[in-house]
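Read the structure below first, then the notes.
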Amino acid sequence: MKWMTGKIGSMIILLLFLVLFCFYASAQNISDITDPINNGENNNLSLKIPNTSKEIKEYVDAAAEWAQKQEKLIALKEFNNKLGKFVQKDIYVYALDYSGIALALPFQPEMVGENFTPIVDASGKPYTKVEIALAEQGGGYILYHYPYPTGEQQSTLKISYVRPVDETYWIGAGMYTDEDYILTPKLQQFVQSAKKFVTENGKKTALAMFNDLNGSFIQDDLYIFAYDYNGTVLAWPYRKDQIGVNRINATDIVGLQHVKAFLAKAKSGGGITDYYSVNPFSNLTDLKISYVQDIDGTWMIGAGEYIEPGEIILRK
């Protein structure tokens, strides 16, 4: 009798174990169906918090590649989830269509469905229009001002990378940053050395040097440009046909009045400005950061670098 009792007890324990195992397996299968991040081939997707221009591009590329393997509604649901896989502290993926309608904004759900094309940032930049142009060419970086997710800071400087998912919508993600991160020591030192050269050698000698393609102020992809405060070109070594031309109303490829921005920033004490130009190395319309400085209150100088995938830390 004791033997039979022990055997029955063992069978009950075994049955309970089998029931629990089946329940666990069933729960896992349901999870795989309802959680698009963890199903099938995507269960190894792992995203780290990006800190550099290269990492933010990789972050957005990973999100786009994942989204291309999902139903659009499933992808947008995940992008709208502020507790989801694509939200890492203050980094998150947002999605819009090519007319500027917001499709995913995890920290601003009330704005999903709104048209962002008329909106400008604190500097007057129509950032969504620029993002659409970049997405249509295959991708690119944008520097603009946007509210911090928690709402504690408004109009915070942000650098984002955007790219298409398919012909119906595109996505982006960005890092909140600061001018001190955007301006590289190399660019700052280059312009400061040019300003020192003006002080030591005078305007005429300096402009001749800046316009000399064999001069000391042609270094790799860096060169000095100069304008007077009326907007007339004083130095542009690669476009000598433009010297003496007034470009006060010139716009860049996406319609930004970058010359006016140069002059305003230099007059106010100097610093960085951003605009778009065809990068001779990529043959794409790329974001360019210029550092400008005033010279004696009557003219200014500057130089610029393209924002490309690199290892410089940009996240504030």
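Heads up: the sequence shown is residues 1 to 316, going by UniProt numbering.
Glycine included, every Cβ here is placed at the ideal spot set by N, Cα and C.
| field | Tyr223 classed as buried or exposed, judged by whether at least 16 other C-beta atoms fall within 10 angstroms | value | buried
| request: Could you tell me which of Thr150, Val278, Ser290, Glu311 sits nearest to Ala303, measuring between CA atoms? | output: Ser290
| field | For Trp66, the first and last residue of its enclosing alpha helix (DSSP H) | value | 53-67
| task | Under 6 angstroms Cβ to Cβ from Tyr181, same chain only, skipping five residues before and after it: list those, please. | result | Leu314
| message | I'd like the ranges of any beta strand (DSSP E) spanning at least 3 consecutive residues and lying wholly in the UniProt domain "Single Cache" (178-260). | response | 225-228, 233-235
| request: Would you kindly check if the distance between the Cβ of Val112 and the Cβ of Asn80 is under 8 angstroms? | output: yes
| Counting only runs that start and end within the stretch 100-166, where is the beta strand (DSSP E) found for 3 or more residues in a row? | 102-104, 140-146, 156-164
| said: For a test of the three-state rule: what should DSSP assign to Gly310, helix, strand or coil? | reply: coil
| field | Same chain, Cβ closer than 6 angstroms to Tyr92, neighbours up to 5 away in sequence not counted | value | Pro106
| Endpoints, alpha helix (DSSP H) assigned at Ile74 | 72-79
| task | Could you tell me the boundaries of the beta strand (DSSP E) in which Lys288 lies? | result | 285-295
| field | Rounded C-alpha distance that separates Ile99 from Gly172 | value | A small correction: the amino acid at residue 99 is Ser; Ile does not occupy that position in the sequence shown. One C-alpha to the other measures close to 15 angstroms.
| query | Below 8 angstroms, can you find three or more Cβ-Cβ pairs linking the stretch 193-201 to the stretch 121-139? | reply | no
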